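There are 2 protein chains.
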Amino acid sequence: MANVKSLTTGDIAKYCDVNLRTVIRWIDKGSLKGYKLPGRGNNRVTVDNFVLFLRQNNMPVPPELLPKNKTVLIVDDDKDMGNAIKRVLKKGGFECDTATNGFLAGSKLMQHKPSIMTLDLTMPGLNGFELLKHLRADEQFQDLKILVISALNQESLDEALALGANAVLSKPFEKDQLLSLVNEMTL
Amino acid sequence: MANVKSLTTGDIAKYCDVNLRTVIRWIDKGSLKGYKLPGRGNNRVTVDNFVLFLRQNNMPVPPELLPKNKTVLIVDDDKDMGNAIKRVLKKGGFECDTATNGFLAGSKLMQHKPSIMTLDLTMPGLNGFELLKHLRADEQFQDLKILVISALNQESLDEALALGANAVLSKPFEKDQLLSLVNEMTL
DNA sequence: GTAGCAAATGTCACAAATGTCGTGTATTAT
DNA sequence: ATAATACACGACATTTGTGACATTTGCTAC
Numbered sequence: 001m002a003n004v005k006s007l008t009t010g011d012i013a014k015y016c017d018v019n020l021r022t023v024i025r026w027i028d029k030g031s032l033k034g035y036k037l038p039g040r041g042n043n044r045v046t047v048d049n050f051v052l053f054l055r056q057n058n059m060p061v062p063p064e065l066l067p068k069n070k071t072v073l074i075v076d077d078d079k080d081m082g083n084a085i086k087r088v089l090k091k092g093g094f095e096c097d098t099a100t101n102g103f104l105a106g107s108k109l110m111q112h113k114p115s116i117m118t119l120d121l122t123m124p125g126l127n128g129f130e131l132l133k134h135l136r137a138d139e140q141f142q143d144l145k146i147l148v149i150s151a152l153n154q155e156s157l158d159e160a161l162a163l164g165a166n167a168v169l170s171k172p173f174e175k176d177q178l179l180s181l182v183n184e185m186t187l
Numbered sequence: 188m189a190n191v192k193s194l195t196t197g198d199i200a201k202y203c204d205v206n207l208r209t210v211i212r213w214i215d216k217g218s219l220k221g222y223k224l225p226g227r228g229n230n231r232v233t234v235d236n237f238v239l240f241l242r243q244n245n246m247p248v249p250p251e252l253l254p255k256n257k258t259v260l261i262v263d264d265d266k267d268m269g270n271a272i273k274r275v276l277k278k279g280g281f282e283c284d285t286a287t288n289g290f291l292a293g294s295k296l297m298q299h300k301p302s303i304m305t306l307d308l309t310m311p312g313l314n315g316f317e318l319l320k321h322l323r324a325d326e327q328f329q330d331l332k333i334l335v336i337s338a339l340n341q342e343s344l345d346e347a348l349a350l351g352a353n354a355v356l357s358k359p360f361e362k363d364q365l366l367s368l369v370n371e372m373t374l
């Protein structure tokens, strides 16, 4: 059970504190999406589908099912700025990955599944507001914590928060500010 | 594991998140079609048979197992142009996915693992040449076929070819040209 | 409140499927 | 070639699906 990609009915029964029989009924009824192994039809549910199911029913999501990795994706077209952020976060014990354009941001987001992303709002060719909106509209990025880092005025930062950013940080900023904000987001 | 044509029981066990012993039982029972090597009878399963097996049991199919998948990612900032390309390719029997900016291109590329990509060279905020270079430098995209579609002059198209594009098509183009080029790339 | 009712969930026992472990051997990497 | 790894197989442990039935829960009307 080291690297769990799928769950058995028993696993889910324990997570939901419910009887195994009930889990099977959920699957049979279709409210929880699963699939059956060829043998006798033992059920399996992908972690993604299970988390989706939990959310749809306002049930608590066990933290161990969420990608709790300490990986941060730093999206900033300014390499120096990106590296500066990286240095601070690395010292804070985070794995860091940087992306200097939209393509890299997209591919690295899907590939490494970071749990936190820092986002510069003003990048040539990549509208940070649009990106925020898109991410927040996508089910699979619900758990991604987004820290907006920008030199724009407070109004813009407020807009970013309204669009779903978890926190904002105005440039220039203190290293301690950055680190403590990111640390808060891991909780 | 670059170009796998057959899978071992261990591979399948990992894909299905199931014990190796169970995979062997599936094969022995005949629900998963495989063949045995002469030595001690180690099992092998062709990718095709494995995918068939997954489908028959409504199990999730890992996208990377569909190397010859007829999925095309259309990267073009012009939505009308993108849709036009999509129409043509859909008629030709391809699954199509469109991306209008770098972020979408990156994330959809990683998520759906298309085998073919059409690329507009001149997009605001996404340099097609840079993207080409980057993709060709990345091991995991070696098998991705790239068709560059551009209104730029021949010189630029040649440069794109030099950078690793598998084919180029200058705008405007005929539908037949597009389809036949894409068809060639699936071979 | 509570009586009644329907739907959802829990319990139980058994058979079948899957997991675990150890050993010996083939296969792959160095 | 040699070492490291992956694999098959048997025997046994554990989990799971199923059906029938008991119990709980949520709701409505009194």
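Protein chains in written order, with the numbering used here: chain A, 1 to 187; chain B, 188 to 374.
Backbone N, C-alpha and C fix where the C-beta goes; we use that ideal spot for every residue, glycine too.
Remember, predicted model here, so these are calculated numbers, not experimental data.
- [ ] Would you mind telling me which residues of chain B sit closer than 7 Å to A:P124, beta carbon to beta carbon, in chain order?
- [x] Counting from one through the first sequence, the residue named residue 124 of chain A turns up at place 124. In chain order: G312.
TODO: Please check the pair B:T233 and B:D263, which I expect to be a contact at CB under 8 Å, by giving their CB distance rounded to whole angstroms.
DONE: Taking the first residue of the second sequence as 1, we reach residue 233 of chain B at position 46. Taking the first residue of the second sequence as 1, we reach residue 263 of chain B at position 76. The pair is not a contact, with the Cβ atoms about 36 Å apart (cut-off 8 Å).
Task: Classification of B:N256 by the beta-carbon crowding that lies within 10 angstroms, buried from 16 upward - done: Locating residue 256 of chain B in the second sequence gives position 69, where the first residue counts as 1. Classification for B:N256: buried.
TODO: Using a Cβ-Cβ cut-off of 8 Å, state whether A:T71 counts as contacting chain B.
DONE: Counting from 1 along the first sequence, the entry for residue 71 of chain A is found at position 71. No, because no Cβ of chain B sits closer than 8 Å to the Cβ of A:T71.
Open item on the list: As an exercise, report each continuous alpha helix (DSSP H) stretch of at least 4 residues that is fully enclosed by the segment 216-253 of chain B, in chain order.
Closed with: Contiguous alpha helix (DSSP H) elements confined to the segment 216-253 of chain B occur at 234-243, taking only those with 4 or more residues.
Task: Rounded C-alpha distance that separates A:H112 from A:E95 - done: Numbered from its first residue, the first sequence carries residue 112 of chain A at position 112. Numbered from its first residue, the first sequence carries residue 95 of chain A at position 95. For A:H112 and A:E95, the gap between their C-alpha atoms comes out near 11 Å.
Task: Short Cβ contact (8 Å threshold) for B:G293 with A:L104 - done: Here residue 293 of chain B corresponds to residue number 106 of the second sequence, with the count starting at 1. Here residue 104 of chain A corresponds to residue number 104 of the first sequence, with the count starting at 1. It is a contact, given that the beta carbons lie within the stated cut-off.
Open item on the list: I need the straight-line Cα distance from A:G128 to A:L157, nearest angstrom please.
Closed with: As a first step, residue 128 of chain A is located in the first sequence; it is residue number 128 there, counting from the start. As a first step, residue 157 of chain A is located in the first sequence; it is residue number 157 there, counting from the start. If you take the alpha carbons of A:G128 and A:L157, they lie about 11 Å apart.
Task: Straight-line gap, A:K36 to B:Q329 (C-alpha atoms, nearest Å) - done: For the purposes of this step, residue 36 of chain A is taken as residue 36 along the first sequence, with counting starting at 1. For the purposes of this step, residue 329 of chain B is taken as residue 142 along the second sequence, with counting starting at 1. The alpha-carbon atoms of A:K36 and B:Q329 are separated by roughly 34 Å.
Open item on the list: Quick check: is the beta carbon of A:G30 nearer than 8 Å to any beta carbon in chain B?
Closed with: What you label residue 30 of chain A is simply residue 30 of the first sequence in a count that begins at 1. A:G30 does not count as touching chain B.
Open item on the list: Taking CB distances under 8 Å as the criterion, tell me whether A:S115 reaches chain B.
Closed with: If you number the first sequence from 1, residue 115 of chain A lands on position 115. Chain B, which has no Cβ nearer than 8 Å to the Cβ of A:S115, makes this no.
TODO: Can you tell me which of B:M297, B:K192, B:S302 puts its alpha carbon nearest to the alpha carbon of B:V369?
DONE: Position 182 of the second sequence, counting from 1, holds the residue named residue 369 of chain B. It is B:S302.
Task: 4-residue-minimum alpha helix (DSSP H) runs that sit fully inside the segment 87-162 of chain A, ordered along the chain - done: Annotation note: the segment 87-162 of chain A contains the following uninterrupted alpha helix (DSSP H) runs of length 4 or greater, listed N- to C-terminal: 102-112, 128-137, 154-162.
- [ ] Return the chain-ordered list of same chain residues with a C-beta closer than 8 Å to the C-beta of B:I211, the five sequence neighbours on each side being excluded.
- [x] Here residue 211 of chain B is taken as the residue at index 24 of the second sequence, counted from 1. The residues are T196, N230.
TODO: Give a yes or no on whether the minimum CB-CB distance between B:A352 and chain A is below 8 Å.
DONE: Stepping through the second sequence from its first residue, residue 352 of chain B is reached at position 165. Chain A contact via Cβ: absent.
Task: Simplified DSSP state of B:T384, which is helix, strand or coil - done: There is no way to answer for residue 384 of chain B, as the model of chain B reaches only from 188 to 374.
TODO: State yes or no: is the C-beta of A:L109 nearer than 7 Å to some heavy atom of the ligand MG?
DONE: For the structure depicted, the ligand MG is absent and the ligand set is empty, with no information on it obtainable.
- [ ] For A:R55, collect the residues of the same chain with a Cβ closer than 8 Å to its Cβ; drop the 5 residues on either side in sequence, then sort them by chain order.
- [x] Translated into positions along the first sequence, residue 55 of chain A becomes position 55. For A:R55, where only same-chain residues beyond five positions count, the Cβ hits under 8 Å are V61, Q142.
Open item on the list: On the CB-based measure, 16 or more other CB atoms within 10 Å of its CB, does A:S31 come out buried or exposed?
Closed with: The residue labelled residue 31 of chain A in the question sits at position 31 within the first sequence. Looking at its Cβ environment, which holds fewer than 16 other Cβ atoms inside 10 Å, A:S31 is exposed.
Task: Contact set for B:L366: own chain, Cβ-Cβ below 8 Å, skip 5 residues either direction - done: Start at 1 with the first residue of the second sequence, and residue 366 of chain B comes out as number 179. Cβ within range, chain order: V275, L276, K278, G279.
Open item on the list: Is there a Cβ of chain B sitting closer than 8 Å to that of A:T9, yes or no?
Closed with: Stepping through the first sequence from its first residue, residue 9 of chain A is reached at position 9. Residue contact check for A:T9 against chain B: no CB pair falls below 8 Å.
- [ ] On a CA-only basis, which of B:D307, B:G221, B:K273, B:S357 is nearest B:S193? Give me that one, please.
- [x] Numbered from its first residue, the second sequence carries residue 193 of chain B at position 6. Scanning B:D307, B:G221, B:K273, B:S357 for the CA closest to the CA of B:S193 turns up B:G221.
Open item on the list: Classify B:D284: buried if its beta carbon has 16 or more other beta carbons within 10 angstroms, exposed otherwise.
Closed with: Stepping through the second sequence from its first residue, residue 284 of chain B is reached at position 97. That one is buried.
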